[in-house]
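Participant:
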Amino acid sequence: MRLPRRSLPLMLSGVLLLASSCYADSTQNIDQRLDQLMGAHSHTQYHQFFETFQRAVVSHNKQQVASMLSYPITAQVAGRDRILLNKKAFLAVYDKVFTPSLQDVVRHQRYSDLFANSDGVMIGEQGEIWFSGICQQGSCRPFTVKIIRINGDSR
Numbered sequence: 001m002r003l004p005r006r007s008l009p010l011m012l013s014g015v016l017l018l019a020s021s022c023y024a025d026s027t028q029n030i031d032q033r034l035d036q037l038m039g040a041h042s043h044t045q046y047h048q049f050f051e052t053f054q055r056a057v058v059s060h061n062k063q064q065v066a067s068m069l070s071y072p073i074t075a076q077v078a079g080r081d082r083i084l085l086n087k088k089a090f091l092a093v094y095d096k097v098f099t100p101s102l103q104d105v106v107r108h109q110r111y112s113d114l115f116a117n118s119d120g121v122m123i124g125e126q127g128e129i130w131f132s133g134i135c136q137q138g139s140c141r142p143f144t145v146k147i148i149r150i151n152g153d154s155r
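As structure tokens, then:
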């Protein structure tokens, strides 16, 4: 069966509408999951943190990435776990932590596909990077979202 040419744009817009609807649904799902796990309306802060972190990694902004970590932090450096006590220690090994492969994991991660549990939010299919809220006071209001673990890329 052959469709008239004018039907093609209509079919393509239907496909795009369906795809954007699925994205909206999955974005709404992670927003609800974060609010359930981390506190009402917390998804906005997590979403903003994720996008800022992703941009910093993709643009190789080492200083910004370093400021987004919770120290001391355990990170995989050249295939081995290492405890990095501060920003200076992290920056000294940045390229051994954020290998091209790990940068790729961050670059391709979509917010809507993040996994979240009571431990935090996971970037990558194998839990390559985890981030979570760090309490500023006993009530955890306000809190700051930070990277809490860098497992590296297992590929």
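Quick note: the sequence shown uses the UniProt record's numbering, first residue 1, plus one each step.
All C-beta atoms, glycine included, are put in the ideal place defined by N, C-alpha and C.
Nearest-angstrom Cα distance between Ser112 and Asn29?
Facilitator: 8 Å
Participant: Rounded to whole angstroms, what is the Cα-Cα separation between Thr44 and Arg110?
Facilitator: 15 Å
Participant: Counting Cβ pairs closer than 8 Å, one from the stretch 101 to 110 and one from the stretch 83 to 92, do we hit at least three?
Facilitator: no
Participant: Compare the beta carbon distance of Gly120 and Asp153 with 9 Å and say whether it is the shorter of the two.
Facilitator: no
Participant: In three-state terms, what does DSSP make of Ser70?
Facilitator: DSSP, read as helix, strand or coil, puts Ser70 in strand.
Participant: Mind checking which residues open and close the beta strand (DSSP E) that includes Ala116?
Facilitator: 115 to 117
Participant: So what does Met122 bridge to, in DSSP terms?
Facilitator: Phe115, Trp130
Participant: How is Ala78 classed by DSSP in three states: helix, strand or coil?
Facilitator: coil
Participant: Could you give the first and the last residue of the continuous alpha helix (DSSP H) run that contains Thr144?
Facilitator: In the DSSP assignment, Thr144 falls outside any alpha helix (DSSP H) and within the unbroken beta strand (DSSP E) covering 143 to 150.
Participant: Do Phe53 and residue 164 count as a contact pair if the criterion is CB distance below 9 Å?
Facilitator: What is shown of the chain runs 1 to 155, which leaves residue 164 out entirely.
Participant: So for Leu34, helix, strand or coil by DSSP?
Facilitator: DSSP, reduced to helix, strand and coil, places Leu34 within a helical segment of the structure shown.
Participant: From residue 168 to Ser26, what distance separates their C-alpha atoms?
Facilitator: Any question about residue 168 goes unanswered here, given that the chain covers just 1 to 155.
Participant: DSSP beta-bridge partners for Leu91?
Facilitator: Its beta-bridge partners do not exist; DSSP assigns none.
Participant: Report the rounded CA-to-CA distance for His108 versus Val58, giving the unit in angstroms.
Facilitator: If you take the alpha carbons of His108 and Val58, they lie about 10 Å apart.
Participant: In whole angstroms, give me the CA-to-CA distance for Cys135 and Gly79.
Facilitator: 30 Å
Participant: Using a 10 Å radius around the Cβ and a threshold of 16 neighbouring Cβ atoms, would you call Arg149 buried or exposed?
Facilitator: buried
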